[in-house]
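Chains as they are written, first to last, in our numbering: chain P, 9 to 121; chain Z, 949 to 1859.
A short worksheet on the structure shown next.
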Amino acid sequence: MGTTLDQEWKKGSAELLILSMLEDQPRHGYDIGKLIESRSGGKLHFHIASLYPLLYRLEHRGWIQGRWVEKPNQRRRRYYRLTTQGQRTLAQQRRSWQEFVGAVSRITGVEHA
Amino acid sequence: MPEWKHEISKQLAALNIPPAREQEIIEELSDHLGNLYEEIVAEGATPEEAYRKVLSSLSYSDLVAELRATERTAPPDPIPQGVVNSGHLFADLGLDLRYAARMLRKAPGFTAVAALTLALGIGANTAVFTIINTFLLNPLPVERVSQLAAINTAQFTKTSVSADLRPISFLNLKDYREKNHSFAALAGYSSPMALTMSSGSESQRVFGEVVTSNYFDTLGIRPLMGRFFLPDEDATPGASPVVVIGYAAWQGRFAGASDILGRTIKLNNFAFTIIGVAPKGFKGINAIFGPDLWVPSMMAEQVLPAQQQNALSDRALLTFTGAGRLKSGISLSQAQADLKTIADALEKEYPDANQGQTVSLQPLTEAVIVTNQRQGLLFGSIFLMAIVGFVLLIACSNVANLLLARAAARRQEIAVRMALGAGRWRLVRQLLTESVLLGLLSGILGFFFGYEGCRLLWSFRPAEFAQNLVDPHLNANVFVFVLVVAILTGLIFGMAPALRSSRTPIVEALKEETRTAGRSVRHITLSNALLVGQVAVSLVLLVTAALFLRSIQREYLISPGFETKNLTIFLLYPGQSGYDRTRTEQFYKDLRDRLSTVSGVASLSWAANLPMWGRAQPGVVLEGQEQRKKSEAISSVVNTIDLDYFSTMGIPILKGRDFTQDDRDAAAPVAIINDTMAAQYWPGQDPLGKRLQLPGQKEFRQIVGIVKTTNYQTLGEPPQSCVYVPLRQNNSESMVLYVRTERDPSPMITAIQSEIRNIDPALPIDDVRTGTKVIDQALWGTKMGVGLLGVFGLLALGLASIGLYGIMAYAVNRRRREIGIRMALGAGQSSVLSLILRQGMTLVISGVGLGLILSVLLGRALSKFLYGVGPGDLPSLAGASLVLLFVAMIACYLPARRASHLDPLVALRES
Chain P
9 MGTTLDQEWK KGSAELLILS MLEDQPRHGY DIGKLIESRS GGKLHFHIAS
59 LYPLLYRLEH RGWIQGRWVE KPNQRRRRYY RLTTQGQRTL AQQRRSWQEF
109 VGAVSRITGV EHA
Chain Z
949 MPEWKHEISK QLAALNIPPA REQEIIEELS DHLGNLYEEI VAEGATPEEA
999 YRKVLSSLSY SDLVAELRAT ERTAPPDPIP QGVVNSGHLF ADLGLDLRYA
1049 ARMLRKAPGF TAVAALTLAL GIGANTAVFT IINTFLLNPL PVERVSQLAA
1099 INTAQFTKTS VSADLRPISF LNLKDYREKN HSFAALAGYS SPMALTMSSG
1149 SESQRVFGEV VTSNYFDTLG IRPLMGRFFL PDEDATPGAS PVVVIGYAAW
1199 QGRFAGASDI LGRTIKLNNF AFTIIGVAPK GFKGINAIFG PDLWVPSMMA
1249 EQVLPAQQQN ALSDRALLTF TGAGRLKSGI SLSQAQADLK TIADALEKEY
1299 PDANQGQTVS LQPLTEAVIV TNQRQGLLFG SIFLMAIVGF VLLIACSNVA
1349 NLLLARAAAR RQEIAVRMAL GAGRWRLVRQ LLTESVLLGL LSGILGFFFG
1399 YEGCRLLWSF RPAEFAQNLV DPHLNANVFV FVLVVAILTG LIFGMAPALR
1449 SSRTPIVEAL KEETRTAGRS VRHITLSNAL LVGQVAVSLV LLVTAALFLR
1499 SIQREYLISP GFETKNLTIF LLYPGQSGYD RTRTEQFYKD LRDRLSTVSG
1549 VASLSWAANL PMWGRAQPGV VLEGQEQRKK SEAISSVVNT IDLDYFSTMG
1599 IPILKGRDFT QDDRDAAAPV AIINDTMAAQ YWPGQDPLGK RLQLPGQKEF
1649 RQIVGIVKTT NYQTLGEPPQ SCVYVPLRQN NSESMVLYVR TERDPSPMIT
1699 AIQSEIRNID PALPIDDVRT GTKVIDQALW GTKMGVGLLG VFGLLALGLA
1749 SIGLYGIMAY AVNRRRREIG IRMALGAGQS SVLSLILRQG MTLVISGVGL
1799 GLILSVLLGR ALSKFLYGVG PGDLPSLAGA SLVLLFVAMI ACYLPARRAS
1849 HLDPLVALRE S
């Protein structure tokens, strides 16, 4: 079940996941991937080949914005932050996601009962 | 630590995204891989293990596929500005303007030549328009000029009211003022009168107008300094000797003295106090000639010449023109009807003075120029405007040709823009913006050319009247005119090239190399047509200038009817220096006696009229023909002369006798008439012994002699009647001294002046003119017009030859390869030279042919303004054609010579 769930859920929710990772603070790509993995208890894992193209897509849509930041003794890194438009999108997606999950569990709950 | 960048960039190469973006992605991904590597090593793996793990974590095929999808959604890079249609007119305009400015900056040579060419054309238009604006459009710096009307006397003729307007008598004016219901204010002003002004020991001649006290208020003019007249100062004749001076007189004659107010000056030997200075722009109502000062009407007797000294009490003396401000809501025709009723009553009440007369109203703006002058000026202005219009068209056509040549070079640029999706009209708009911007740039330059040209023109005005002539004014009208002309110019010269360019076939143009670009036949045909037109128009202008030049040359050859050579004229106004009649007569006699002893003086005489300044007066009555209606009144020039006038002037006496010593007050009144009058009023009879009555005189004079007709007003004028009366029977306080010398008069002028000074050192004697100068002055206006025509004709010729040179040089450059091949195949230099010359000159000759036809047609239309020259005048036509052919030949020869010196090898290699 592990890999299938992982792939299916990711497709539907990847955007929501990334947006919510950026809600409280700007993060760089590696950080985002790591955080999703750890918070999902290793269940969700983003490949570099899908994480970055997704970030670029969100950036083009104007939901997030990347900025190169240089810190002492570190490589130059690109940090992404949520734009105002991104915040609005996040709220909207979160609501529909909850409705969706609620609906699914009501349906599946009734079936099992 | 391993380097990931190389690995990643190898994979991304297939993506073909902009290098900067690619670098960004590589850096970000390699940072990610670096982080991963460090983490794996930190967990205890060996570097080799970690390296393998990191590489295996990355599926490159997925990455490239995903990135290809993402990067394609990126917004397209901005395509060249000026082609993007944002849908906003003004936003687009801004873009277009920026782009146009950039294109003009990119080609400074083209921009400079085009702007200069157009500026010359626009400058010529500005200069002529400034003159028109000054004289015809906005001549009066007064308040709400449309409310102002001029009021004059008109004569009834057999069928209608004559267009010849005359002033109103003071008493009639007063009645109009008191009885009308149409005017809020009604003032009167005389024409400028020559006065002798003296302050201290110096005397000079100035011009003054006699005006009613409400004159300035009616016009709505505020004094620059001091005040204008009070009603009290215009209530009692001779009581208030006050004077207002003009700005130019204050500056010129009083050096702008700040303590001018309250100063006393003598006018005609009568002391006046200066109470005010008129504002700078105001030089009276007459648009051309203005007074130096104004005196209130009640001082008329002190300043008007003797014949008009009863102006305030004699209803028959027409001295004032009325200037009235209409009450609001009253139209000019209502006012005309109102005054007409008063005029009818006045005619009944005072038939002696007013019979056959009525009143005529016209907008004051039309009265600023005397009716007959106005028509001449109007015609001259329209004519000059047409001429400079043509000059501008030639300039436009030059620039259009330049643009066509440039369009060929820009074919690729335009094709690229069309390939990127620019619509045709969008492109036309862009190209037109460019040409309009160029037009505006030239407009700014042309404005300065025009203004400076106008000032230059003005500097040629006769110095004697410099202060009295109005200055050209520059106002909003001129600015708007230049703006409109500049924009129109841009549209005219830009339209054809823009339409042509936007039809560029994209694929062909993109494939073409720059050098062979623009081989379009149609483009050359259009250029050629423009060129033929230019040559034709230049020729028309040259021929017109030549026709007028020949005409004025003939005018100089016209005999004015008297001998101008070795003649000197002194204007003297003894009456204005306080001489009474006896003293004046004595002065005339003394001076005659003294001067006749000066060696070198052949003969001398006195006369009231200045040559070429005569004016016909109506009201001559012939004995036995009194029943003639007043409406058919006889007009004639009247001149008062002393003995020997005819011999001094070289006017032959045809019949009868000259005046003698015995023709004095006590003797029977006599007159001499000219042969024109004799033929007109006594056809087939002998006028000698017949009697006539002069205007304003009671007695009839017997005709004792007939002399030959001369020119009295203008050179070559139609013959006018003239009556001469002897000085001893008709004393005049201001006379002109005519001195005929045996040789060139210039060295003798001082001697004659010192003789005058010996009699009276206080008499102003600075106004001296030689006979030839009198003719020069009479022809001054015509000469200026012809000078302008000549300048514009030469300007047109210059512009057309530059255009010709440009198009030939361009054609030669375009055909370098062809010429190279011809020469490689054995064509000699001379055959290449003649090939190019033949092609150029074919165009020029077609243009000359067309121009000759047009010139003859135009010449016919102008024939009534030409003197002694027909529209088909061979020297003018041939001369202008030859000049044009010669200049065109040079313009063709230079590029042709360059072509014939072409090295075939170089030319072939270039392509």
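Ideal Cβ placement from N, Cα and C applies to all residues, glycine included.
What you are looking at is a predicted structure, and each value in this text was computed from that prediction instead of being measured.
- If you draw a straight line from the Cα of A1017 (chain Z) to the Cα of G982 (chain Z), it comes to about 25 Å.
- Of the residues assessed, D1300 (chain Z) falls on the exposed side of the cut-off, its CB having fewer than 16 other CB atoms within 10 angstroms.
- The C-beta separation of P1667 (chain Z) from T1624 (chain Z) comes to about 4 Å, placing the pair in contact by the 8 Å criterion.
- Residue burial is scored here from C-beta neighbours: Q1303 (chain Z) has fewer than 16 other C-beta atoms within 10 angstroms and is therefore classed as exposed.
- Note that the C-beta distance between L1663 (chain Z) and P1508 (chain Z) is below 7 Å.
- With three or more CB-CB distances shorter than 8 Å, the segment 1178–1193 of chain Z counts as touching the segment 1156–1169 of chain Z.
- In this chain, R1763 (chain Z) is not harboured by any alpha helix (DSSP H), its DSSP state being neither H nor E.
- Within chain P, G37, Y60 and R86 have C-beta atoms less than 7 Å from the C-beta of E976 (chain Z), given in sequence order.
- Taken atom to atom, the span from the alpha-carbon of L960 (chain Z) to that of S978 (chain Z) is near 12 Å.
- In this structure, G1807 (chain Z) sits away from P1823 (chain Z), with a CB-CB distance that is not shorter than 7 Å.
- Apart from the 5 residues on each side of it in sequence, P1244 (chain Z) sits with its Cβ closer than 8 Å to the Cβ of V1158, V1159, T1160, S1161, F1177, E1181, D1182, S1188 and V1190 in its chain, given in chain order.
- In the three-state reduction of the DSSP assignment, A1063 (chain Z) falls in the helix class, which pools H, G and I.
- For the segment 969–993 of chain Z, residues whose beta-carbon sits nearer than 9 Å to a beta-carbon of chain P comprise E972, I973, E975, E976, L977, S978, D979, H980, L981, G982, N983, L984 and E987.
- Judged by DSSP in its simplified three-state form, Q101 (chain P) adopts helix.
- Against chain P, the CB of L963 (chain Z) has no partner CB under 7 Å away; the residue lies outside that interface.
- In summary, I1335 (chain Z) is buried, with 16 or more beta-carbon neighbours lying within 10 Å of its beta-carbon over all protein chains present.
- Look at the beta carbons and you see the segment 1550–1567 of chain Z not touching the segment 1753–1764 of chain Z: under three pairs across the two are nearer than 8 Å.
- Shown here for F1331 (chain Z): not one same chain residue has a beta carbon closer than 7 Å to its own, the five before and five after excluded.
- With a threshold of 7 Å between beta carbons, A22 (chain P) makes no contact with chain Z.
- Looking only at Z:D1590, Z:R1322, Z:V1569 and Z:N1514, the smallest Cα-Cα distance to E1533 (chain Z) is reached by Z:D1590.
- Put simply, of Z:Y1195, Z:V1192 and Z:P1185 the residue whose alpha carbon is nearest the alpha carbon of Q1250 (chain Z) is Z:P1185.
- Close to E1014 (chain Z), with beta-carbon spacing below 7 Å, are these residues of chain P in chain order: A57, S58 and P61.
- Counting the other CB atoms within 10 Å of its CB gives E976 (chain Z) a total of 16 or more, which places it among the buried residues.
- The Cβ atoms of T1588 (chain Z) and N1622 (chain Z) do not sit closer than 7 Å to each other.
- Only R65 and H68 from the segment 65–82 of chain P bring a Cβ to less than 7 Å from some Cβ of chain Z.
- Contact with chain P is found for L1006 (chain Z), since one of that chain's Cβ atoms lies less than 7 Å from the residue's Cβ.
- Counting only Cβ-Cβ distances below 8 Å, L1011 (chain Z) has contacts in chain P at I56, A57, Y60 and P61, in chain order.
- T1018 (chain Z) belongs to the set of residues whose beta carbon lies under 7 Å from a beta carbon in chain P.
- Secondary structure in the segment 1686–1771 of chain Z: the beta strand (DSSP E) runs of 3 residues or longer, each lying completely within the stretch, are 1716–1718 in chain order.
- Here DSSP, grouped into helix, strand and coil, assigns R1542 (chain Z) to helix.
- Considered as a whole, the segment 47–97 of chain P harbours 72–77 and 85–90 as its complete beta strand (DSSP E) runs of no fewer than 3 residues, in chain order.
- Excluding sequence positions up to five before and after P1171 (chain Z), its CB lies within less than 8 Å of the CB of F1164, V1192, G1224, V1225, A1226 and P1227, all in the same chain and listed in chain order.
- A1196 (chain Z) has its alpha-carbon roughly 48 Å from the corresponding atom of L1800 (chain Z).
- In the three-state reduction of the DSSP assignment, I1236 (chain Z) falls in the coil class.
- By the beta-carbon neighbour count (other beta carbons within 10 angstroms, threshold 16), Q1323 (chain Z) is exposed.
- In chain order, P1852 place their CB closer than 6 Å to the CB of M1771 (chain Z), counting only its own chain and leaving out the 5 sequence neighbours on each side.
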